[in-house]
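In my numbering, the protein residues as written are 899 to 1026. Working notes for the structure below.
Next up, the structure:
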């Protein structure tokens, strides 16, 4: 699985990091990426079988007996991860609790990357 920055800038930082050890450089790069809010683009590796689209796994858990507003629903959905190849799918799936083993009121969702599992998402407003 390969990850690439969506933002092609910030190349000046490479010189600064080149004097650091590899582990420190990776940690520094990861910290900078997380703190700046940059998303990593998921791309298949050279020996992987790419999918037509990238997909994202989501998880949600509802509280039984309580009505759910769209705002509280959105707060309860969590992104598990995004994949771009068959091999990347199996890496996620092999570490997930099987849907039949989830506790009541818990759900997995699988959507194209960039689409949230909510009716309020523009891609879902007319039924998807």
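Where is the CB? At the ideal position from N, CA and C, for every residue including glycine. All values derive from a computational prediction rather than experimental measurement.
According to the DSSP assignment, residue 976 belongs to the beta strand (DSSP E) that extends over 975-983.
DSSP, read as helix, strand or coil, puts residue 945 in coil. Excluding the 5 residues flanking it on each side, residue 990 has same chain C-beta neighbours closer than 7 Å at 955, 978, 979 and 981, in chain order. Boundaries for residue 992: no beta strand (DSSP E) harbours it, and the DSSP string shows neither H nor E there. Secondary structure of residue 967 (DSSP, three-state): coil.
Counting the other Cβ atoms within 10 Å of the Cβ of residue 953 gives 16 or more, which makes it buried. Selection 1003, 1023, 1020 and 1021 evaluated against residue 975 yields 1003 as nearest (Cα-Cα).
According to the DSSP assignment, residue 1005 belongs to the beta strand (DSSP E) that extends over 1004-1010. Collapsing the DSSP output to three states places residue 1022 in a helix.
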